[in-house]
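Asker: A single structure is presented below for examination.
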Amino acid sequence: MSASRFAVLYPSILVSLASLIASPLPILAATPIATVFPSDVSPSDISPGGASLADVFLDDVAQLKLGKPSEISQVFPIDPPEFPPTTNPARLNEPAPIPPLPDQVLPPLPPPEDLLPPQTPAPAEVPEAVPGEVPNTVLIKRFRVEGSTVFSAEELAQATAPFEGRNLSFAELLQVRSVITQLYVDQGYVTSGAFIPPQTMEGGVITIQVVEGSLEDINVSGTRRLRPDYIRSRLAIAASTPLNTNRLLEGLRLLQLNPLVQTIAADLQAGTRPGTSLLQVQVQEADTFSGDISLNNGRSPSVGSFRRGVQLTEANLLGLGDSLSVGYSNTDGSNQFNGSYTLPLNPRNGTLQFSSGATNSRVIEPPFTPLDIIANSRYYEITLRQPLYQTSTEELALGLTASRQESKAEFSPGDDSELPFPSQGADEEGRTRISALRFFQEWTKRSSSYVLAGRSQFSLGLDLLDSTVSDSAPDSRFFAWRGQGQWVRLLAPDTLLLVRADAQIATSLVPLEQFSLGGQDTLRGYRQDFLLSDNGVLFSTEVRIPVLRVPQVQGVLQIVPFLDVGTGWNSDSPDPNPSTLVGAGLGLLWRQSDYLTARLDWGIPLVAVDRRERTWQESGVYFSIVITPF
8 MSASRFAVLY PSILVSLASL IASPLPILAA TPIATVFPSD VSPSDISPGG
58 ASLADVFLDD VAQLKLGKPS EISQVFPIDP PEFPPTTNPA RLNEPAPIPP
108 LPDQVLPPLP PPEDLLPPQT PAPAEVPEAV PGEVPNTVLI KRFRVEGSTV
158 FSAEELAQAT APFEGRNLSF AELLQVRSVI TQLYVDQGYV TSGAFIPPQT
208 MEGGVITIQV VEGSLEDINV SGTRRLRPDY IRSRLAIAAS TPLNTNRLLE
258 GLRLLQLNPL VQTIAADLQA GTRPGTSLLQ VQVQEADTFS GDISLNNGRS
308 PSVGSFRRGV QLTEANLLGL GDSLSVGYSN TDGSNQFNGS YTLPLNPRNG
358 TLQFSSGATN SRVIEPPFTP LDIIANSRYY EITLRQPLYQ TSTEELALGL
408 TASRQESKAE FSPGDDSELP FPSQGADEEG RTRISALRFF QEWTKRSSSY
458 VLAGRSQFSL GLDLLDSTVS DSAPDSRFFA WRGQGQWVRL LAPDTLLLVR
508 ADAQIATSLV PLEQFSLGGQ DTLRGYRQDF LLSDNGVLFS TEVRIPVLRV
558 PQVQGVLQIV PFLDVGTGWN SDSPDPNPST LVGAGLGLLW RQSDYLTARL
608 DWGIPLVAVD RRERTWQESG VYFSIVITPF
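At position 490 of the sequence shown (counting the first as 1) the number is 497 in this note's numbering, and the numbers step up by one without a gap.
As structure tokens, then:
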């Protein structure tokens, strides 16, 4: 039998993937309502796909976004101590929200038998003629298997051992070949197989040749703006030689979870050469333009707690899978602009992100209004992120961010002159300049009922690019580690348990880098940035319980009891007093499809602190509304 007959004798090579992923998977949008990790940290604390876990609604299955703290506040404690911490202008500048790390609870995927229908190989044909005289049986001492890169010699020898050292009929010889082929089929290599080539037997040794299936080409159709190579290059990794349908199926699942893809279907067909296949892929692109309008009272009262914002994102700007996001938000005393561009680097979803933002702020909170305290800041970041391990249920990624932050604060003593505002870590002109490298690690494990996610980041401040350097105060030279994690469990339909933790260990830090406690996104019951420290720990848990469903508008109302506990301490300066805060309370969360999310929380401070109760925040009341019109 010649090798050229292999495709005929083994039609199992022609495995059909028709109707692969026939059921469209919803691309679930996750809109942060109450961000789970502190929103008021430096942008350098985070990187694309960063570290904070966005608080997200789950519809039929749980869904979570792991990402960076959504907002960056730059308030720091100042002298004299009678100034409330949140009035410090060095944290009045709030850089833009950072795009969250994609981390969704797994949408329901079709079962494997629907994605890849089981195939029944046709029976192998016996050669029509065998040269020479063929005895009824022949003594076989050993089989030699050639061409296998999947199985070790020991594994192959174990498979052929029952047939060695005895007389075999010709039918039994073909059975040995089928045993080797079945080894491949059982492991998902359904386009690979074995045959017995024409040979002269010497010393009772028979050679079995293995042909390992390969993919000849990938044809992609159905794309509009997305370039076919984006799909082709990612499937090529999953379809490497020898072709494995289990690996190919996982590659298709990953693409189905890609927000650029609405649905994907594939069909594996016979190639033009023996042992090869063609993969026909049909893609339906998802809508890539989105916009959010947000209203909340999550900003520092010193610049106005009521914040309005809009964010626009195009997730496939040039057809490369590259995304552009721009945003603007303001309060009565601040304006903030931010933007980012993310470029995919390789088929394994490595990305390079450029981000920048600018904020200008003015203190509008009595009794400091007459001082006319103003602050301006800007930041720049370049982030490289590369997943090392990625499946449809788990991801491990590493990343490196180079960041630059600059801020300047001034005040007017009343004679129309402007003087540098004295702030911790600033130079004599009221400027703070930070250059830093951030090395982060991200891990996510998810299923249809839970998500477990974590992030670790090491930050090293550098004396580069005219950074702030001081012999007597914190400056750009620092080291900090930050760890964040979250567990989300779907207890029942629309019933969620969320547990999160956040910690920072660092040397003495400028306020831009300090750990913040207090506010809507960290510790409810206290005003934004009530406690700032070099080191800190935060623990928070909440349960979301549905009380009303409105199917006509796909709406669900949940009550949300919560408990937040946090503590902070400094490395070289006195610890804040109090250093530990505890808040508990109850919230209401309304989710209407992917169009509207609204949340109202009332937090009760369990540790007594001085407060003025001028704002809703200081009364423990927080609200958030996010509208996604398109």
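Ideal placement from N, C-alpha and C gives every residue a C-beta, glycine not left out.
This structure is a prediction, so every number in the text was calculated from the model and none was measured.
Going by CA-CA distance only, name the one from P518, N345, R551 and L545 that's closest to L503.
Answerer: Comparing Cα-Cα distances from L503 to each of P518, N345, R551 and L545, the minimum goes to R551.
Asker: Identify which residue in I215, Y196 and V197 has its Cα closest to the Cα of P205.
Answerer: The shortest C-alpha separation from P205 is found at I215.
Asker: Report back the beta-carbon spacing between F446 and L407 to the nearest angstrom; my notes put them in contact at under 8 Å.
Answerer: The pair is a contact, with the Cβ atoms about 6 Å apart (cut-off 8 Å).
Asker: In chain order, what residues of the same chain have a beta carbon less than 7 Å from the beta carbon of G437, not counting five sequence neighbours either side?
Answerer: Excluding residues within five positions, the ones whose Cβ falls inside 7 Å are K415, A416, E417, P427, F428 and S430.
Asker: Using a Cβ-Cβ cut-off of 6 Å (strictly less than) and excluding sequence neighbours within five positions of I225, which residues of its own chain qualify?
Answerer: Hits under 6 Å: R239, L242 and L286.
Asker: Grouping DSSP H, G and I as helix and E and B as strand, with all else coil, what is I238?
Answerer: Correct three-state label for I238: helix.
Asker: My output table needs one value for Q397: the three-state DSSP class, helix, strand or coil.
Answerer: Strand.
Asker: Please classify R621 as buried or exposed, where buried requires at least 16 other C-beta atoms within 10 Å of its C-beta.
Answerer: Exposed: under 16 other Cβ atoms inside 10 Å.
Asker: Who are A513's beta bridge partners in DSSP?
Answerer: In the DSSP output, where bridge partners are listed per residue, A513 has A487.
Asker: What does a CB cutoff of less than 6 Å around S51 pick up in its chain, not counting 5 residues either side in sequence?
Answerer: For S51, the predicted structure reports a pLDDT of 35, less than 50, and the residue's modelled location is therefore unreliable. The matter cannot be settled from this model.
Asker: Could you check which residue in D582, Q599 and I512 has the C-alpha nearest to that of L555?
Answerer: Ranking D582, Q599 and I512 by Cα distance to L555 puts Q599 first.
Asker: Could you give the first and the last residue of the continuous beta strand (DSSP E) run that contains G364?
Answerer: T358 to R369 is the span of the beta strand (DSSP E), which, as asked, contains G364.
Asker: Please name the residue in T574, L359, S341 and D579 whose C-alpha comes closest to that of V589.
Answerer: The shortest C-alpha separation from V589 is found at T574.
Asker: Under the three-state reduction of DSSP, which class applies to D193: helix, strand or coil?
Answerer: Helix, per DSSP.
Asker: Starting from the C-beta of N251, find all residues in its chain whose C-beta is less than 6 Å away, skip the five residues before and the five after it, and write them out in chain order.
Answerer: Excluding sequence neighbours, N251 sits near G195 and Y196.
Asker: Nearest CA to the CA of E162: which residue from R462, L175, I187 and A178?
Answerer: The shortest Cα separation from E162 among R462, L175, I187 and A178 belongs to I187.
Asker: Using the rule of at least 16 other Cβ atoms within 10 Å of the residue's Cβ for burial, across every protein chain shown, is Y396 buried or exposed?
Answerer: Y396 comes out exposed.
Asker: Taking the straight line between their C-alpha atoms, what separation do you get for V633 and V317?
Answerer: Between V633 and V317, the C-alpha separation is close to 10 Å.
Asker: For F637, which residues from the same chain have a beta carbon less than 6 Å from its beta carbon, with the 5 sequence-adjacent residues on both sides left out?
Answerer: Taken in chain order, the residues that qualify are G298.
Asker: Using a threshold of 7 Å, state whether the C-beta atoms of T283 and E223 are closer than that.
Answerer: A contact, by the Cβ cut-off of 7 Å.
Asker: Tell me the rounded alpha-carbon separation between L378 and Q269.
Answerer: Near 55 Å, if we compare the C-alpha coordinates of Q269 and L378.
Asker: Please report the straight-line C-alpha distance between P128 and R280, rounded to a whole angstrom.
Answerer: Residue confidence is low: P128 scores 37 on pLDDT, short of 50, so the model does not pin down where it sits. No coordinate-derived value is stated.
Asker: If we require 4 or more residues per run, which alpha helix (DSSP H) segments fall completely within the segment 151-195?
Answerer: Counting only runs of 4 or more, we get 160-167 and 177-193.
Asker: Count the other CB atoms within 10 Å of the CB of D423; is the residue buried (16 or more) or exposed (fewer)?
Answerer: Classification for D423: exposed.
Asker: Fully enclosed by the segment 528-563, which beta strand (DSSP E) runs are 3 residues long or longer?
Answerer: You should have 538-540 and 542-557.
Asker: Do the CB positions of N356 and P394 come within less than 7 Å of each other?
Answerer: In contact: N356 and P394 (Cβ atoms closer than 7 Å).
Asker: Closest to R489 by CA distance: which of E449, P481 and G154 is it?
Answerer: When each option's Cα is compared against that of R489, the closest is E449.
Asker: Would you kindly check if the distance between the Cβ of R315 and the Cβ of N337 is under 7 Å?
Answerer: Closer than 7 Å, so yes.
Asker: Quick one: measure Cβ to Cβ for D608 and G594, integer angstroms, because I've assumed they're closer than 8 Å.
Answerer: With a Cβ gap of about 4 Å, D608 and G594 count as contacting.
Asker: Buried or exposed, going by whether 16 or more other CB atoms sit within 10 Å of the CB of L471?
Answerer: The residue is exposed, with fewer than 16 neighbouring Cβ atoms inside 10 Å.
Asker: Would S199 be called buried (16 or more neighbouring beta carbons within 10 Å of its own) or exposed?
Answerer: The residue is buried, with at least 16 neighbouring Cβ atoms inside 10 Å.
Asker: Three or more C-beta pairs closer than 8 Å, one from the segment 558-566 and one from the segment 530-537: is that the case here?
Answerer: Segments in contact, no.
Asker: Can you find the residues in the same chain that come closer than 6 Å, C-beta to C-beta, to Q412, ignoring five residues on each side of it along the sequence?
Answerer: Within the same chain, Q412 has close Cβ partners Y386, I441 and L519.
Asker: Give the single residue among S247, T604 and A433 whose Cα lies nearest to the Cα of S301.
Answerer: Nearest option by C-alpha distance: T604.
Asker: Taking Cβ to Cβ, would you say N303 is nearer than 7 Å to S631?
Answerer: A contact, by the Cβ cut-off of 7 Å.
Asker: Where does E425 land, buried or exposed, given buried means 16+ other C-beta within 10 angstroms?
Answerer: Exposed, since its Cβ has fewer than 16 Cβ neighbours within 10 Å.
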